[in-house]
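In the working numbering, the protein residues as written are 4 to 207.
This report concerns only the one structure given below.
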């Protein structure tokens, strides 16, 4: 049965430690970020990743977003960071900007959707950064919804979407926000895939 736990903003660590433990055990959590609620699993656990695709009813050819605690955590996950990517990292991380890189071979093709690319973001959220510090690893954060449906805005909506298909829902209140901006920097330029909270122009 899915457990819903309210986050105490004054003392979130006990709940976040428990959530990190669940992720390490291969469980699925739903958690609040600085934009929307996300679905979190261990990025190195293929069974957990497969469950995410199943509950979202998502095409396995779609890459899954990864969140990192700090910008330096990016380097083991990607083949290189082009100058265009470094510029955006310096300007907007931590923040609501997802950057697409050529993925390191250490990442599962399940995460990249067999595209060889991966979307990564460093969130501007103390809660998520604390969660990642306890996990000591990046986490997935694909939006908490079924494919082609609106993302959930609170814990109750997440429960209605997924029922007992997720193991833990962290209740961080209602989140009404634009999603992150998504930019592909793999070609050495800035190619905007989706405009979101941060407004950026394409640069060739």
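For every residue, glycine included, the Cβ atom is placed at its ideal position computed from N, Cα and C.
A quick note: this is a predicted structure, and the numbers were derived from the prediction, not measured.
Could you pull the start and end residues of the beta strand (DSSP E) that residue i belongs to?
i           : result
residue 185 : 184-187
residue 195 : 194-197
Please report the residue range of the alpha helix (DSSP H) in which residue i lies.
i          : result
residue 35 : No alpha helix (DSSP H) holds residue 35; the beta strand (DSSP E) holding it covers 32-35.
residue 81 : Note, residue 81: premise wrong, no alpha helix (DSSP H); not H, not E.
residue 16 : 16-27
Could you tell me which residues DSSP pairs with residue i in its beta bridges?
i           : result
residue 9   : 174
residue 190 : DSSP output for residue 190 lists no bridge partner at all.
residue 47  : Its beta-bridge partners do not exist; DSSP assigns none.
residue 70  : 124, 142
residue 41  : 34, 146
Buried or exposed for residue i, please, with buried defined as at least 16 other CB atoms from any protein chain shown within 10 angstroms of its CB.
i           : result
residue 89  : exposed
residue 46  : buried
residue 148 : buried
residue 59  : buried
residue 199 : buried
residue 184 : buried
residue 72  : buried
residue 189 : buried
residue 12  : exposed
residue 78  : exposed
residue 53  : exposed
residue 86  : exposed
Is any heavy atom in the ligand PLP found nearer than 7 Å to the beta carbon of residue i?
i          : result
residue 51 : No copy of the ligand PLP appears in this structure; indeed no ligand is present at all.
Continuous alpha helix (DSSP H) assignments of at least 4 residues falling wholly in the segment 94-164: As far as the segment 94-164 is concerned, its whole alpha helix (DSSP H) runs of at least 4 residues are 112-115, 129-138.
Decide yes or no for the touch test of the segment 93-103 against the segment 120-127: beta carbon pairs closer than 8 Å, at least 3 of them. Judged by Cβ distances under 8 Å, the segment 93-103 makes contact with the segment 120-127, as three or more pairs qualify.
Meets three-Cβ-pair contact criterion under 8 Å: the segment 19-37 and the segment 132-139: yes
Segment contact flag, the segment 28-47 with the segment 142-156, C-beta cutoff 8 Å, min 3 pairs: yes
Would you check if the segment 162-182 and the segment 37-57 touch, i.e. whether three or more CB-CB distances between them fall below 8 Å? yes
Inter-stretch contact at 8 Å, needing at least 3 Cβ pairs: the segment 110-121 / the segment 60-77: With a cut-off of 8 Å, the segment 60-77 and the segment 110-121 count as touching, because enough Cβ pairs lie within range.
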